[in-house]
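Here is the structure we will look at, set down as structure tokens.
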Amino acid sequence: MLLVQNLTKHFQIGFVRKKHIFSLEEISFFLKKGELIHLIGANGSGKSTTLKIIMGLIKQTAGDVFFEEKPITEKERKNIAYLPEKIYPFLSLTPQEHLNFFLSYTRNFSQKKSFKKEIEQSLLWAELQKERWDIPLRFLSKGSRKKVLWAEVFLSQAKLYILDEPFCDLDESFRLKSLSWIENKLKEKESSFLLCNHYKEDLFLKTSQVLYLDNGRLS
Amino acid sequence: MKNTCVVTKEVFLLLKRDGVFFVFLLFCFFSIFFANLAVSASLNFSKKLFFDVGLFCYHFLGLFMAFFWGNRILSDSFAGGSLACRLCLGICRRDFFLGAFLALCFVQVIVGLFYIVLWQVVMHLLGFSWLGNALFLFYSQTLLWLVLVAVAFFLSSFLSFNFSLIGSLLVWFLGMTSKASFEAFQGEDINIFSRSLSFFFASFWDLSVFNIQYFDLLDHKALISLGIRLFAQAASIVFVLLSLGAFFFEKRDIN
Chain A
1 MLLVQNLTKH
11 FQIGFVRKKH
21 IFSLEEISFF
31 LKKGELIHLI
41 GANGSGKSTT
51 LKIIMGLIKQ
61 TAGDVFFEEK
71 PITEKERKNI
81 AYLPEKIYPF
91 LSLTPQEHLN
101 FFLSYTRNFS
111 QKKSFKKEIE
121 QSLLWAELQK
131 ERWDIPLRFL
141 SKGSRKKVLW
151 AEVFLSQAKL
161 YILDEPFCDL
171 DESFRLKSLS
181 WIENKLKEKE
191 SSFLLCNHYK
201 EDLFLKTSQV
211 LYLDNGRLS
Chain B
220 MKNTCVVTKE
230 VFLLLKRDGV
240 FFVFLLFCFF
250 SIFFANLAVS
260 ASLNFSKKLF
270 FDVGLFCYHF
280 LGLFMAFFWG
290 NRILSDSFAG
300 GSLACRLCLG
310 ICRRDFFLGA
320 FLALCFVQVI
330 VGLFYIVLWQ
340 VVMHLLGFSW
350 LGNALFLFYS
360 QTLLWLVLVA
370 VAFFLSSFLS
380 FNFSLIGSLL
390 VWFLGMTSKA
400 SFEAFQGEDI
410 NIFSRSLSFF
420 FASFWDLSVF
430 NIQYFDLLDH
440 KALISLGIRL
450 FAQAASIVFV
460 LLSLGAFFFE
470 KRDIN
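Protein sequences, first through last, are from chains A and B.
In terms of my numbering, the numbers along the first sequence are unbroken and rise by one, the last being 219.
In terms of my numbering, the numbers along the second sequence are unbroken and rise by one, the last being 474.
Here is the structure:
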């Protein structure tokens, strides 16, 4: 489903005295349909950079990314759900508005009638208190904002889920709930997961591969 | 196209939440107050003075909104990560760029229309006549607003907020003064480089064309043809700036 080949990224700093910082060096892996890859590494090891390159936020210096045997473009990314680590949607929007725009981007206008019901279901699933549904995200805690992003993941009908530090800022009960949701999705064998975090304790998920990143290299 | 429309709707809502219309109301209040002050301080109760103050405020209202919000939209979405959040949904960067631009243009046009109506009402209450042909000046100024929004978007596609804001102001100032400086150089003993440079800016970046000073000498037909010419000029500048901006925006890393 997802093939990453010799992915390399180096950042250039400074205009006059150019300094190159290597973030990734020739990373390669293959994720099959219905499987989960766990990407683990210390801070600054290049986990988030790998995910951002796959999502097209950062341009790679070298290497290729293929999704369903095609070079990855905006069209293919519509089938990928991404849960970012520390980035949040527009903070002036309420959770309901945010999810409504999310559905407007990803679904057809003809399905608009069902948006409200779907949004309610997803917010209930994400255990976000009802009185916070119409409060701008800037007034919500980090954990509540993360839950809104989880509600977005729940709503998406993706083939591949890329989750960057998905359990940080979450309470224990929702953490377990989201883990069991991933397990159920994996049992259905329809979608794949690329999950990256610091904690080895989440490895009780049935993982097909564990990739250790160390200073931008797979070890 | 669908994504561009949704981005426009979303950014419009964000601008509304950001208090763009509240700033407009404050600006209207102060411009009417100053226009009244200027007129009552003048020797004769002059319509021209009242109108000039109104138009001056209109120019700066558009300038302020174009530069402040035009530069803020992109830099805020870069900084907060909201842009990353949206682009991950498979939205083309060009769509986001164009959608955000259209949202601000939409706000500008609404604000422009409200300002003109309000100004006309105030003038009417003070016993002045209808704006008539003078409406053309508001039209040309609104075109200038849209050009300035394009300038802000172009610069913020590759610069941070502070640099693009200062850059936008410099580019505006250059555009407003380029023709005058070129005319001042005519016939003077000045080096060829300065003359060529000022010729370049006077021909390609002359924003003073949107300040029409002879509108009351033109008949209805001449005004329409001038209006079409100005619209074409503004559209071509906007097209070039947006194309370049979209190109730079496409290349930028979003961390």
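By construction, the Cβ of each residue, glycine as well, lies at the ideal position given by its N, Cα and C atoms.
Beta-carbon separation (whole angstroms), residue i vs residue j, contact threshold 8 Å
i: A/Leu140; j: A/Pro166; result: The pair is not a contact, with the Cβ atoms about 18 Å apart (cut-off 8 Å).
i: B/Ser383; j: B/Phe467; result: The Cβ separation is near 11 Å, so there is no contact.
i: A/Trp133; j: A/Leu123; result: 6 Å
i: A/Leu99; j: A/Leu155; result: 6 Å
i: A/Ala62; j: A/Asn108; result: Actually they are not in contact, since the Cβ atoms of A/Ala62 and A/Asn108 sit about 38 Å apart, beyond 8 Å.
i: A/Val65; j: A/Ile80; result: 11 Å between Cβ atoms; not a contact.
i: B/Tyr334; j: B/Gly446; result: Contact flag wrong, Cβ pair sits at about 19 Å.
i: B/Gly300; j: A/Lys86; result: 7 Å
i: A/Thr49; j: A/Ile58; result: 6 Å
i: A/His10; j: A/Ile21; result: 6 Å
i: B/Phe429; j: B/Gln327; result: So it is not a contact: roughly 14 Å between Cβ atoms.
i: A/Glu103; j: A/Phe115; result: It is Leu, not Glu, that sits at residue 103 of chain A in the sequence shown. With 8 Å as the limit, A/Leu103 and A/Phe115 qualify as a contact, their Cβ atoms being about 5 Å apart.
i: B/Phe252; j: B/Ala465; result: That pair is no contact at about 41 Å.
i: A/Pro136; j: A/Leu93; result: 7 Å
i: A/Phe271; j: B/Val341; result: Residue 271 of chain A is absent from the structure shown; chain A starts at 1 and stops at 219.
i: B/Phe246; j: B/Leu268; result: Actually they do not touch by this definition, with Cβ atoms about 19 Å apart.
i: B/Ala303; j: B/Ile473; result: 5 Å
Neighbour list for residue i in chain A, Cβ cutoff strictly below 8 Å
i: B/Ser301; result: Ile87, Tyr88, Pro89, Phe90 and Leu91
i: B/Val225; result: Phe101, Ser104 and Tyr105
Cross-chain neighbours of residue i in chain B, by beta carbon under 7 Å
i: A/Lys222; result: The shown model of chain A, from 1 to 219, leaves out residue 222 of chain A, and the question about it has no answer.
i: A/Gly34; result: The contacting residues do not exist; A/Gly34 stays about 22 Å from chain B at best.
i: A/Gly56; result: Leu306
Contacts of residue i in chain A (Cβ-Cβ under 9 Å)
i: B/Asp237; result: Ser92
Where residue i meets chain A, residues with beta-carbon distance less than 7 Å
i: B/Leu233; result: Phe90 and Ser92
i: B/Asn222; result: Tyr105
Residues bridged to residue i [DSSP beta-bridge criterion]
i: A/Pro71; result: A/Phe66
i: B/Asn290; result: B/Asn290 is not bridged to any residue.
i: A/Ser192; result: A/Leu160
i: A/Thr8; result: A/Ala62
i: B/Gly446; result: The partner list for B/Gly446 (beta bridge, DSSP) is empty, contrary to what the question assumes.
i: A/Gly41; result: A/Leu213
i: A/Phe30; result: A/Leu3
i: A/His227; result: No statement about residue 227 of chain A is possible, as the shown extent of chain A runs from 1 to 219 and does not include it.
i: A/Leu36; result: A/Phe193
i: A/Tyr82; result: A/Ile162
i: B/Leu274; result: Bridge partners of B/Leu274: none, in fact.
i: A/Leu218; result: A/Leu213
Closer than 8 Å to chain E by CB, residue i
i: A/Met1; result: Absence of chain E from the displayed structure is noted, the protein chains being A and B.
Beta-carbon neighbours of residue i, restricted to chain B and to distances below 9 Å
i: A/Tyr161; result: None at all; the shortest Cβ gap to chain B is about 12 Å.
i: A/Lys75; result: Gly309
Listed by chain order, chain B residues near residue i by CB distance under 8 Å
i: A/Lys113; result: Here the premise fails: no neighbours, minimum Cβ distance about 17 Å.
i: A/Lys78; result: Leu308 and Gly309
i: A/Pro84; result: Gly300, Ala303, Cys304 and Cys307
Residue i Cβ short of 7 Å to the ligand MG heavy atom set
i: B/Leu232; result: Absence of the ligand MG is noted for the structure shown, with no ligands found whatsoever.
Item checked: Stretch-stretch touch, CB-based, cutoff 8 Å, three pairs: the segment 251-268 of chain B with the segment 294-312 of chain B -> No contact exists between the segment 251-268 of chain B and the segment 294-312 of chain B.
Note to self: So if I threshold CB-CB distances at 7 Å, which residues from the segment 300-328 of chain B count as touching chain A?
What the structure shows: Under the 7 Å Cβ criterion, the segment 300-328 of chain B contributes Gly300, Ser301, Ala303, Cys304, Leu306, Cys307, Leu308, Gly309, Ile310 and Cys311.
Check: At a Cβ cut of 7 Å, what residues of the segment 396-427 of chain B count as close to chain A, listed as they run along the chain?
Finding: Answer set for the segment 396-427 of chain B: empty.
Note to self: Would the segment 416-430 of chain B count as touching the segment 387-407 of chain B if we require 3 or more Cβ pairs under 8 Å?
What the structure shows: yes
Next item on the list: Indicate whether the contact test is met: 3 or more Cβ pairs, each with one atom in the segment 173-181 of chain A and one in the segment 211-219 of chain A, closer than 8 Å.
Entry: The segment 173-181 of chain A is not in contact with the segment 211-219 of chain A.
Item checked: Stretch-stretch touch, CB-based, cutoff 8 Å, three pairs: the segment 356-375 of chain B with the segment 454-464 of chain B -> The segment 356-375 of chain B vs the segment 454-464 of chain B: in contact.
Next item on the list: Count the CB pairs spanning the segment 224-232 of chain B and the segment 275-284 of chain B that are closer than 8 Å, and state whether there are at least three.
Entry: no
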